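J.: Please read through the structure below; I'll follow up with questions.
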């Protein structure tokens with residue numbers, strides 16, 4: 001519960017800090033760069049080498065990939081069909097396609113389903129959401145932010161993007177059974193602990209909540225997909241088609257129903273994919289998700 005309180009506090013801190021005139025105008029930009037060049041690589045090195053995949057957890061892990069894949073399919077189609085700006089399409093794909101499975105997800109799953117639920121949530125986050133945001137989301141961001149650049153330029157941009165580069169390094173460590181320990185592990189722990197406060201403060205600095213913002217059809221399309229549509233799809237698919245039940249089904253749906261991932265919004269913002277919309281999806285999505293999650297918990301029984 002403390003984690004949830006801190007999430008709200010740091011988000012409000014960032015929003016309030018917009019009024020502080022002594023802050024440099026590019027404060028949010030500097031915070032984003034710190035996250036991209038320091039924190040996300042540290043997260044990859046800390047968690048990915050230790051991932052262990054077991055067959056019975058394949059479906060819960062797959063929920064993260066299904067969510068992102070359908071987001072790409074649906075918003076990609078709508079963007080082309082309705083002639084949206086590429087930056088809008090890319091923003092919705094990434095931010096609405098990724099759930100906040102850890103910083104919001106872990107404490108909520110802990111409160112609702114206990115330690116056994118957290119074990120499932122941990123794998124959904126590490127083997128699902130984190131791998132996606134470190135790799136596939138970067139590819140999508142590069143595609144939708146490059147316009148008519150050559151494929152070679154897109155590939156170069158992806159391969160030189162720090163989170164993706166360290167994702168490759170971390171997965172190589174995983175394959176070879178190597179992980180960090182001792183002092184280096186402690187350093188990684190200290191760095192990764194700054195993700196939530198820094199990311200939420202950065203998001204808060206960029207959130208512009210006004211009547212016009214709430215009129216944005218893209219905001220409600222993104223949140224409608226994230227908080228309502230994709231959890232419903234996962235629930236029906238896993239229960240009726242794959243016959244999943246019990247704790248595995250409950251945690252899969254609840255994790256999918258979490259608010260948009262903070263890190264996903266940072267990826268979108270860094271690639272200039274509608275920064276205001278990306279921030280708004282997180283800034284509005286987190287408090288709104290507390291209401292929709294209560295509904296999902298009641299429906300799941």
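In UniProt numbering, the protein residues as written are 1 to 301.
Cβ coordinates follow ideal geometry from the N, Cα and C atoms, glycine included.
Computed from a predicted model, the values in this text were never measured in an experiment.
Assign residue 196 to one of two classes, buried (16 or more other C-beta atoms within 10 Å of its C-beta) or exposed (fewer than that).
T.: Counting from 1 along the chain shown, the entry for residue 196 is found at position 196. Burial call: buried.
J.: Mark residue 47 as exposed unless 16 or more other C-beta atoms lie within 10 angstroms of its C-beta, in which case mark it buried.
T.: Locating residue 47 in the chain shown gives position 47, where the first residue counts as 1. So residue 47 counts as buried.
J.: For residue 274, collect the residues of the same chain with a Cβ closer than 6 Å to its Cβ; drop the 5 residues on either side in sequence, then sort them by chain order.
T.: Counted from its first residue, the chain shown places residue 274 at position 274. Counting only Cβ-Cβ distances below 6 Å, and skipping sequence neighbours, we find 87, 88 and 91.
J.: Under a Cβ-count criterion, where at least 16 other Cβ atoms within 10 Å of its own Cβ denotes burial, should residue 182 be classed as buried or exposed?
T.: Reading the chain shown from its first residue, position 182 is the one you call residue 182. With fewer than 16 other Cβ atoms within 10 Å, it is exposed.
J.: Can at least three beta-carbon pairs, one atom from the segment 218-236 and one from the segment 66-73, be found at a separation below 8 Å?
T.: Contact between the segment 218-236 and the segment 66-73 is present, because at least three Cβ pairs lie under 8 Å.
J.: Leaving out five residues before and five after residue 28 in sequence, what residues of the same chain have Cβ atoms less than 7 Å from its Cβ?
T.: Working through the chain shown from its first residue, we reach residue 28 at position 28. Only 202, 205 and 206 meet the Cβ criterion.
J.: Under 7 Å Cβ to Cβ from residue 192, same chain only, skipping five residues before and after it: list those, please.
T.: For the purposes of this step, residue 192 is taken as residue 192 along the chain shown, with counting starting at 1. If we look at residue 192 and ignore the five residues flanking it on each side, its Cβ neighbours are 39, 42, 43 and 46.
J.: Hey, how far is the Cα of residue 57 from the Cα of residue 261?
T.: Numbered from 1 along the chain shown, position 57 holds the residue referred to as residue 57. Numbered from 1 along the chain shown, position 261 holds the residue referred to as residue 261. If you take the alpha carbons of residue 57 and residue 261, they lie about 21 Å apart.
J.: How would you write the range of the alpha helix (DSSP H) that residue 196 sits in, first residue to last?
T.: Reading the chain shown from its first residue, position 196 is the one you call residue 196. 195-206 is the extent of the alpha helix (DSSP H) around residue 196.
J.: With DSSP as the reference, identify every bridge partner of residue 260, one or two as the case may be.
T.: One-based indexing of the chain shown puts residue 260 at position 260. 99, per the DSSP bridge assignment.
J.: Determine the extent of the alpha helix (DSSP H) in which residue 81 is found, giving its start and end residues.
T.: Locating residue 81 in the chain shown gives position 81, counting from the first residue. Run containing residue 81: 58-81, per the alpha helix (DSSP H) assignment.
J.: Run through DSSP, which three-state label would residue 360 get?
T.: Outside the shown range of the chain, which is 1 to 301, sits residue 360, and nothing can be said about it.
J.: Might you give, ordered along the chain, the residues of its own chain that have their beta carbon closer than 7 Å to the beta carbon of residue 118, omitting 5 neighbours on each side?
T.: Reading the chain shown from its first residue, position 118 is the one you call residue 118. Excluding sequence neighbours, residue 118 sits near 106, 109 and 110.
J.: Could you have a look at residue 24 and say whether DSSP puts it in helix, strand or coil?
T.: Residue mapping note: residue 24 aligns to position 24 of the chain shown, counting from 1. Correct three-state label for residue 24: coil.
J.: Between residue 4 and the rest of its own chain, which residues show a CB-CB distance below 6 Å, the 5 nearest in sequence each way excluded?
T.: If you number the chain shown from 1, residue 4 lands on position 4. Cβ neighbours of residue 4 beyond the five flanking positions: 107.
J.: The alpha helix (DSSP H) spanning residue 301 covers which residue range?
T.: Here residue 301 corresponds to residue number 301 of the chain shown, with the count starting at 1. Where residue 301 is concerned, there is no enclosing alpha helix (DSSP H), given that its DSSP letter is neither H nor E.
J.: Here's a check: name, in chain order, each residue in its chain whose Cβ is nearer than 6 Å to the Cβ of residue 278, leaving out the five neighbours to either side.
T.: Sequence index remark: in the chain shown, residue 278 carries index 278 (1-based). Only 91, 95, 265, 268 and 269 meet the Cβ criterion.
J.: Are there 16 or more other CB atoms within 10 angstroms of the CB of residue 250, so buried, or fewer, so exposed?
T.: What you label residue 250 is simply residue 250 of the chain shown in a count that begins at 1. Buried, by the Cβ-count rule.
J.: Please state if the CB of residue 104 and the CB of residue 286 are separated by a distance shorter than 9 Å.
T.: For the purposes of this step, residue 286 is identified with residue 286 of the chain shown, where counting begins at 1. For the purposes of this step, residue 104 is identified with residue 104 of the chain shown, where counting begins at 1. Their beta carbons are under 9 Å apart, which means residue 286 touches residue 104 by this criterion.
J.: By Cβ distance below 8 Å, which residues in the same chain neighbour residue 74 in space, the five residues on each side in sequence not counted?
T.: The residue you call residue 74 lines up with position 74 of the chain shown. Excluding residues within five positions, the ones whose Cβ falls inside 8 Å are 225.
J.: In angstroms, rounded to a whole number, what distance separates the CA positions of residue 144 and residue 137?
T.: If you number the chain shown from 1, residue 144 lands on position 144. If you number the chain shown from 1, residue 137 lands on position 137. Approximately 11 Å between the Cα atoms of the pair.
J.: Can you find the residues in the same chain that come closer than 7 Å, C-beta to C-beta, to residue 178, ignoring five residues on each side of it along the sequence?
T.: Numbered from 1 along the chain shown, position 178 holds the residue referred to as residue 178. Once the five neighbours on either side are set aside, the close Cβ partners of residue 178 are 49.
J.: Please tell me whether residue 62 and residue 257 are closer than 9 Å, where the distance is taken between their beta carbons.
T.: Locating residue 62 in the chain shown gives position 62, counting from the first residue. Locating residue 257 in the chain shown gives position 257, counting from the first residue. No, Cβ-Cβ distance for residue 62 and residue 257 is not below 9 Å.
J.: Give me the Cα-Cα distance between residue 115 and residue 129, rounded to the nearest whole angstrom.
T.: Reading the chain shown from its first residue, position 115 is the one you call residue 115. Reading the chain shown from its first residue, position 129 is the one you call residue 129. Computed Cα separation, rounded: 20 Å.
J.: What is the rounded straight-line gap between the Cα of residue 215 and the Cα of residue 221?
T.: Mapped onto the chain shown, residue 215 falls at position 215. Mapped onto the chain shown, residue 221 falls at position 221. Between residue 215 and residue 221, the C-alpha separation is close to 11 Å.
J.: Grab the span of the alpha helix (DSSP H) containing residue 189 for me, first residue to last.
T.: Taking the first residue of the chain shown as 1, we reach residue 189 at position 189. Its alpha helix (DSSP H) spans residues 182-192.
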